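Residue numbering for the sequence shown follows this note's numbering, starting at 3 and increasing by one per position.
Glycine included, each C-beta is placed from N, C-alpha and C at the ideal position.
Just so you know, these numbers come straight off a predicted model, no measurement behind them.
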Amino acid sequence: MQFRSSLPEVTKNLIAINVLMLVATMLLRSKIDLVHHLALFNYKSEFFQPWQIITHMFMHDGIRHLLFNMLALFFVGSRLEQEWGAKKYLNFYLITGLGAVLLHGLVQNYEITHDLIGVNSYSLGASGAIYGLLVAYGLYWPNTEFHIYGIIPVKVKYIVIFSIAVALFSGVTGVKDGVGHFAHLGGALLGFILVKFWNKNNRNSFY
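As structure tokens, this is what we get:
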């Protein structure tokens with residue numbers, strides 16, 4: 003797989019890992035169900051394993067799901083990596099992904115307790131971390147324009163506001179679309195907190 007040479011190393015590797023995981027999931031489907039082992043199950047489920055807290059971030063539910071997240075990572079993540087450096091950027095990516103796990107898990111426990119979903123429901127995808135990156139991008143460069151469908155120019159700050167509003171509305175109203183809206187919100191919230199903390203304390207790293 004070839005990427006443009008200017009694509010930063012961590013972003014390039016994250017995209018490669020996500021693509022390879024989907025390819026492996028599809029090719030090995032008849033022999034082993036990687037989703038069963040690597041997607042994130044609730045801790046009450048018999049299928050839960052600790053490593054799923056990390057591995058689920060690299061699993062996707064089909065090409066469309068993967069494509070959306072990797073395009074966002076390509077355009078948003080690459081600039082943030084150039085701004086922060088590889089170490090800080092990777093830390094941010096993983097921590098916002100964990101923020102998504104936390105909020106999603108809290109809501110999922112409520113839904114399981116009230117018999118709204120089954121205990122063996124699972125989640126997968128990089129979307130929580132992607133929302134964190136999107137919020138960070140919006141805080142740094144709010145007036146940068148992205149061209150929707152390559153045609154319509156929209157400022158990043160409006161994309162962020164719209165994306166969070168949709169996730170919040172869908173999550174609160176209980177839209178049953180198979181999307182982890184509270185995971186998106188968890189990643190976005192932690193991304194906002196981290197950027198504000200860094201800017202307030204003028205920190206260039208976590209250490």
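As assigned by DSSP and simplified to three states, the class of residue i
i, result
"Y151", "coil"
"F5", "Bear in mind that the predicted position of F5 carries a pLDDT of just 42, short of 50, making it unreliable; the figure below should be weighed with that in mind. If DSSP states are grouped into helix, strand and coil, F5 belongs with coil."
"R156", "Residue 156 is actually Val in this sequence, not Arg. If DSSP states are grouped into helix, strand and coil, V156 belongs with the strands."
"Y209", "No answer about Y209 holds up, because its pLDDT of 36 lies below 50 and its placement is not dependable."
"E48", "coil"
"G107", "helix"
"S165", "helix"
"W143", "coil"
"M59", "helix"
"K178", "coil"
"K198", "helix"
"K33", "coil"
"L118", "coil"
"W86", "helix"
"G64", "coil"
Residues bridged to residue i (per DSSP)
i, result
"S125", "L42"
Whole-angstrom C-beta distance between residue j and residue i, which should lie under 8 Å
i, j, result
"S125", "H58", "6 Å"
"H106", "A185", "4 Å"
"M28", "M61", "Not confirmed; about 12 Å, so no contact."
From the options, residue whose alpha carbon lies closest to that of residue i
i, options, result
"K178", "A138, K202, E113", "E113"
"G99", "L136, K202, F50, I34", "L136"
"G79", "W143, S123, L30, V25", "W143"
"T13", "Y133, L82, F164", "L82"
"D63", "S165, F49, L40, L141", "L40"
"L96", "F50, N201, N203, L196", "L196"
"S123", "Q110, H116, T115, G134", "Q110"
"I56", "R31, F148, L104, K33", "L104"
"N145", "Y133, G134, G152, I161", "I161"
"P10", "W86, I34, A138", "W86"
For the structure I just gave you, are there three or more beta carbon pairs, one from the region 188-196 and one from the region 125-143, closer than 8 Å?
yes
Can at least three beta-carbon pairs, one atom from the region 90-105 and one from the region 146-159, be found at a separation below 8 Å?
no
Given 8 Å as the limit, is there contact between the region 71-84 and the region 162-178, that is, 3 or more CB pairs closer than that?
In this structure the region 71-84 does not touch the region 162-178; the number of beta carbon pairs closer than 8 Å is below three.
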